[in-house]
Structures are given as C-alpha cells and as structure tokens.
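Single-structure report; data block below.
Numbering (the numbering used here), first residue to last: 42 to 107.
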C-alpha cells in the first residue's frame, strides 16, 4: 500500500478520491447502485467514454468535449 502513491494511476485517481484501495474504498461504493459504481470506477481509472479517452483510440475526432 505504501507503493500506491508512486503509481501513475494514483495522481489521476487521487483527483477524485485520495483513499488507498482498501476498506475506505468499500465504504465509498457502499449503497451505490451498480450503474453508479460503474461510472465512479470509470472516473477513478480514467477509462470513461469522454472525448479525451475516446480520442486516444481514434474514436473521437478531438480530445475536447463539444
């Protein structure tokens, strides 16, 4: 868990939630519906269908949202 802060994902994920992936994370997801958990996970990991992500795979013409 000490190494978590050195991973590149930490910087992106800590923007939304600085909790280590542990019991604290379980509390965040507790009580959320499956679709809500899905969106939260996508936001935390950066794998969400927004233009910045889709543009990396040439699925959107621009990384900027319209």
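Every residue gets a Cβ at the ideal spot worked out from N, C-alpha and C, and that includes glycine.
**Study point:** Length of the line joining the Cα atoms of residue 93 and residue 48
**Key:** One C-alpha to the other measures close to 21 angstroms.
Point to revise | Sequence-distant residues of its chain with Cβ nearer than 7 angstroms to residue 105 (five each side left out) | key: So the list reads 92, once near-sequence residues are dropped.
Practice item. Over the uninterrupted alpha helix (DSSP H) stretch that includes residue 75, give me the two end residues. Key: Segment 75–86, the alpha helix (DSSP H) holding residue 75.
Exercise for review: Report the three-state DSSP secondary structure of residue 93 (helix, strand or coil).
Suggested key: DSSP places residue 93 in helix when its eight states are reduced to three.
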